[in-house]
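Asker:
2 protein chains.
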Amino acid sequence: MAKQIRNIAIVGTGVIGASWAALFLARGFNVTATDPGPNAEANLRRFIDAAWKDLTVIGLSPNASRDHLRFTLDMKEALSDADFVQENGPERQDFKIKLYADMDDVTPQDSIIASSSSGLTMSVMQSACKYPERCVIGHPFNPPHVVPLVEVVAGEKTSPHTVEEAISFYASIGKKPIHVRKEVVGHVANRLQAALYREIVYLIEQGVLDVADSDTAVCWGPGLRWGVMGPNLLFHLGGGQGGMQHFLGQFTGPLAAWWKDLGKITEFSPEVKQTLLEGVLKEAGNRSIEELERERDSMLLELLATRTKDEKAAQEAIASAAR
Amino acid sequence: MAKQIRNIAIVGTGVIGASWAALFLARGFNVTATDPGPNAEANLRRFIDAAWKDLTVIGLSPNASRDHLRFTLDMKEALSDADFVQENGPERQDFKIKLYADMDDVTPQDSIIASSSSGLTMSVMQSACKYPERCVIGHPFNPPHVVPLVEVVAGEKTSPHTVEEAISFYASIGKKPIHVRKEVVGHVANRLQAALYREIVYLIEQGVLDVADSDTAVCWGPGLRWGVMGPNLLFHLGGGQGGMQHFLGQFTGPLAAWWKDLGKITEFSPEVKQTLLEGVLKEAGNRSIEELERERDSMLLELLATRTKDEKAAQEAIASAAR
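Protein sequence lines, in the order shown, are assigned to chains A and B.
Residue 275 in this note's numbering sits at position 206 of the first sequence, and the numbers go up by one each step.
Residue 300 in this note's numbering sits at position 231 of the second sequence, and the numbers go up by one each step.
1) If contact means a Cβ-Cβ distance below 8 Å, which residues of the region 86-110 of chain A contact chain B?
2) Distance cutoff 8 Å, beta carbons only. Does residue 225(B) sit that close to anything in chain A?
3) Residue range of the alpha helix (DSSP H) that residue 246(B) falls in?
4) Would a C-beta distance cut-off of 8 Å place residue 282(B) and residue 247(A) closer than the cut-off?
5) From which residue to which residue does the alpha helix (DSSP H) around residue 259(B) run?
6) With hydrogens ignored, establish whether the beta-carbon of residue 229(A) is closer than 7 Å to any heavy atom of the ligand FMN.
7) Counting only runs of 4+ residues fully inside the region 83-149 of chain A, write out the alpha helix (DSSP H) ranges in chain order.
8) With contact counted as at least three CB pairs below 8 Å, one residue from each stretch, are the region 226-244 of chain B and the region 293-311 of chain A in contact?
9) Determine which residues of the region 164-190 of chain A have a Cβ less than 9 Å from any Cβ of chain B, and write them out in chain order.
10) From residue 366(B) to residue 266(B), what does the alpha carbon distance come to, in whole angstroms?
11) Among the candidates 78(A), 80(A), 289(A), 377(A), whose CA atom is the shortest distance from the CA of residue 128(A)?
12) With which residues is residue 157(B) paired in a DSSP beta bridge?
13) How would you call residue 330(B), buried or exposed, if buried means at least 16 neighbouring beta carbons within 10 angstroms?
14) Would you say the region 135-145 of chain A touches the region 372-389 of chain A, given that touching needs at least three Cβ pairs under 8 Å?
15) Can you tell me where the beta strand (DSSP E) holding residue 220(A) begins and where it ends?
16) Using the Cα positions of residue 186(B) and residue 289(A), report the straight-line distance between them to the nearest angstrom.
17) Which residue from 258(B), 184(B), 309(B), 261(B) puts its Cα closest to that of residue 360(A)?
18) Less than 8 Å between CB atoms is the rule here; does residue 198(A) satisfy it with respect to chain B?
19) Could you tell me which of 105(A), 106(A), 362(A), 379(A) sits nearest to residue 379(B), measuring between CA atoms?
20) Go ahead and pull the three-state DSSP assignment for residue 183(A).
21) Under a Cβ-count criterion, where at least 16 other Cβ atoms within 10 Å of its own Cβ denotes burial, should residue 103(B) be classed as buried or exposed?
22) Who are the neighbours of residue 368(A) on chain B, taking C-beta pairs under 7 Å?
23) Is residue 240(B) buried or exposed, if buried means 16 or more other CB atoms sit within 10 Å of its CB?
24) Could you have a look at residue 341(B) and say whether DSSP puts it in helix, strand or coil?
25) Name the residues in the region 220-248 of chain B whose C-beta lies less than 9 Å from a C-beta of chain A; which are they?
26) Are the C-beta atoms of residue 280(A) and some chain B residue less than 8 Å apart?
27) Which residues share a DSSP beta bridge with residue 188(A)?
28) Are there 16 or more other CB atoms within 10 angstroms of the CB of residue 268(A), so buried, or fewer, so exposed?
29) Report the three-state DSSP secondary structure of residue 315(A) (helix, strand or coil).
30) Could you run through the region 248-270 of chain B and flag, in chain order, every residue whose CB is less than 7 Å away from some CB of chain A?
31) Could you tell me which residues DSSP pairs with residue 205(B) in its beta bridges?
32) Residue 174(B): which of 196(B), 149(B), 130(B), 342(B) sits nearest, CA to CA?
33) List, in order along the chain, the chain B residues whose C-beta lies closer than 8 Å to that of residue 310(A)?
34) Compare the Cα-Cα distances from residue 188(A) to each of 134(A), 216(A), 259(A) and report the closest residue.
35) Does the distance from the C-beta atom of residue 279(A) to that of residue 348(A) stay below 8 Å?
36) Beta-carbon separation of residue 276(B) and residue 156(B) under 8 Å?
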């Protein structure tokens, strides 16, 4: 049986923790946040106020309120009544092992402790816990209050039940959790970003493309499609009436030929860093960071609205067909 | 001086050629199409009628009309008054060299001949032309009447003037042309797709992910962002107030570490093909190819409308600041 989740604790209120806090408030939960840093509470409240605009556009759940935020410097107080913990501490191994042992001591035994860590594995972090089976990675894609993806990864001692519960909890609040079935460096989304960016950096380094054209190549080309559907399903459609079967018969040859020719770089040379920097500044032109952020976020919110509306329509069509 | 373009010839009216024809008609040009295949004209007109709905949503130019389409089996007749030729013939080297020599003979000397080829280089195709300087790759991302990207690539004998003219022509009709400065296998967008998909196939093969989760990882994660902005500019924003400079200082270390760990596969194993096929069919569920296409295209058109509106707003802001 799933534990009913009402109270969520946020441990660490940097950019990621603050964004999670905003999201959980917008989904109607009681949130208790803790962070020992200077001005942590003021920074957290400022972040949430700024994020609330976007969350209002995305849609607030019944009972959503910024008044349901409590802040405390006492971690024990934050965790002792938590039904779910989202941890966002610094990415240092020794620190995290100690932090997990401490959190484990004061969090109710049947509550999940989820980590936003991208750089460490849960097998390592949970190693000094008494109840390691309820510790799991729940790695968001930044910023968590906007981008739906969450990567759920078990450590060696995590129970399958915890993985299921974490996935079903995240899904219940509108996130899109995936189950990463093995602990790999960078989880998944960061690896996918790295794979794409490696070829971009390689082509820029080879003088095939300038920086702005490489951005155009993505965001006015295949990126438009990746904004609406995943690569496998797109290839299923790329196969025409024959679908994926036809695609796999016809197009794996060219794909494998391109794989053989892809760049193999494993470092950023000082020269390419300079080229990337100059190229990006030229591409940005006189648009400030704030202006570009507004551009990105307003388009992202409209895209999310489109995607959500379409998903709902598809679900309703399925439900109505089943009637 | 740029040649005024009024009459466009389409050589080869398969899926790509037909989509180009529809786009050029929607942008108000006279289009003459030629293709020796059986039922080519009927198939072309059927394709254009279907595409016209999407083009109407995207927006028709003044003078746009399907009545401005002419079809002929006589290539000479199609090309003799063409101001611009878009070629979409079969991807066989000997065939294309001969085709380019033939087109070159009958197309006005000051008209550009652009090729949609993805598999051959212009250096090869133009090798038997008298006027090879006006031959250039103009490779679309499918379908050209919807997705804006065009990759412009010169052959050894292509003049810089032709590259400039092709880029400015494509840009003038709302496409997003990029200049690919060296002839590389697969041009650029196909390589970027291949780089991303290689890591996906690798992770699926390793049992890290199932197929549906790998699609979620893209289209509800980084893909959402790639639908609105290119990776370099996104990393500029990922650097916070310090922008790209900060990003390059802080995040190239982790990126390079992921690069070293990425999958190195260069073939699709029979086992992974089977996994991909079963996974896609499961993900598609009871949604038919047609339903999925409608899903993809309706979201794509909404995303394009958002992007175009936002681009216009940004341009107006710049213009108004300059006043």
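Each residue gets a CB set at the ideal place from its N, CA and C atoms; glycine is no exception.
Answerer: Answer, in terms of the structure:
1) none
2) no
3) First-last for residue 246(B): 245-249, but that is the beta strand (DSSP E), not the alpha helix (DSSP H).
4) yes
5) 258-274 is the extent of the alpha helix (DSSP H) around residue 259(B).
6) Among the components of this structure there are no ligands whatsoever, and the ligand FMN is therefore not found.
7) 84-95, 109-127, 144-148
8) Fewer than three pairs of CB atoms, one per stretch, sit closer than 8 Å, so the region 226-244 of chain B makes no contact with the region 293-311 of chain A.
9) 187, 188
10) 21 Å
11) 377(A)
12) In the DSSP output, where bridge partners are listed per residue, residue 157(B) has none listed.
13) exposed
14) As far as the Cβ criterion goes, the region 135-145 of chain A does not touch the region 372-389 of chain A, which means the pair count is below three.
15) 218-223
16) Cα-Cα distance, rounded: 19 Å.
17) 309(B)
18) Not an interface residue.
19) 362(A)
20) Reduced to three states, the DSSP call for residue 183(A) is strand.
21) buried
22) At a C-beta separation below 7 Å, residue 368(A) has these neighbours in chain B: 297, 375, 376, 379.
23) exposed
24) helix
25) Per Cβ criterion, the list reads 220, 244, 245, 246, 247, 248.
26) yes
27) Partner(s): none; residue 188(A) has no beta bridge.
28) Answer is buried; the Cβ neighbour count reaches 16.
29) helix
30) 248, 249, 250, 251, 253, 254, 255, 257, 258, 259, 260, 261, 262, 263, 264, 265, 266, 267, 268, 269
31) 183(B), 223(B)
32) 149(B)
33) 358
34) With distances taken between Cα atoms, residue 188(A) lies closest to 259(A).
35) yes
36) Contact flag unset, no.
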